[in-house]
Amino acid sequence: MAKTYKRHIAKTITWRCIGTIDTILLSWFITGNSFTGLKLGLAEVLTKMLLYYLHERAWFKVKAGITKNGDSKKRHLAKTITWRIVGTLDTMMLAWWISGNPLTGLKIGMVEVVTKMILYYLHERAWYKFDYGLQQRRIKKIKYRK
1 MAKTYKRHIA KTITWRCIGT IDTILLSWFI TGNSFTGLKL GLAEVLTKML
51 LYYLHERAWF KVKAGITKNG DSKKRHLAKT ITWRIVGTLD TMMLAWWISG
101 NPLTGLKIGM VEVVTKMILY YLHERAWYKF DYGLQQRRIK KIKYRK
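According to the numbering used here, the sequence shown is numbered sequentially starting from 1.
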């Protein structure tokens, strides 16, 4: 069980790096101000890491969509959608607060829905290929091969 926490922390960190770069670039592009993008990206590092970790722990407890071999593209899609709802709401509120303009928050949030869902799905699929923190899945794979 302790190893899954390490996995979730590692996934949190890798996703946050990808997500922060995306947010900074989108915010800079939409506002035309690199400083706004940097402020939003840095603010999100704190809020999103906590929210992502909690989301990952919650999904670990939900067993829906797990197949016999542990893979489930539908499960990854469902995680993508639920995370995107949480993440986009956080981004829109932070962007509004940082820029002082609710329309800016809305614009950044709406563009981010598309880019982040694609990036997150790819992140989930990539992490599925790694057994880090999943001793039980490693054992199951060995049993199925025999």
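Beta carbons are placed, not taken as given, at the ideal position from N, Cα and C, and that holds for glycine.
Cβ neighbours of residue i in the same chain (closer than 7 Å, five flanking residues each side left out)
i, result
"Ser-34", "Trp-28"
"Tyr-132", "Arg-7 and Ala-10"
"Glu-56", "His-8, Lys-11 and Thr-12"
"Lys-48", "Arg-16, Gly-19, Gly-87 and Asp-90"
"Trp-127", "Lys-11"
Alpha-carbon spacing of residue i relative to residue j, whole angstroms
i, j, result
"Ala-64", "Gly-32", "43 Å"
"His-8", "Pro-102", "33 Å"
"Ile-98", "Thr-36", "7 Å"
"Glu-44", "Met-93", "10 Å"
"Asp-90", "Arg-84", "10 Å"
"Lys-141", "Leu-134", "The predicted model places Lys-141 with a pLDDT of 48, which falls under 50 and marks its position as unreliable; any figure quoted below should be read in that light. Their Cα atoms are separated by approximately 11 Å."
"Ile-81", "Leu-38", "26 Å"
Beta-carbon proximity check, residue i vs residue j, cutoff 8 Å
i, j, result
"Glu-112", "Leu-26", "yes"
"Lys-79", "Trp-59", "yes"
"Gly-87", "Lys-116", "yes"
Contact set for residue i: own chain, Cβ-Cβ below 8 Å, skip 5 residues either direction
i, result
"Ile-30", "Thr-104, Lys-107, Ile-108 and Val-111"
"Tyr-53", "His-8, Ile-9 and Thr-12"
Residues of its chain near residue i, where Cβ-Cβ distance is below 6 Å and the 5 sequence neighbours each way are ignored
i, result
"Gly-41", "Thr-20, Thr-23 and Ile-24"
"Ala-95", "Leu-40, Thr-104, Gly-105 and Ile-108"
Touching by the beta-carbon criterion (3+ pairs, under 8 Å), the region 106-123 and the region 13-28: yes
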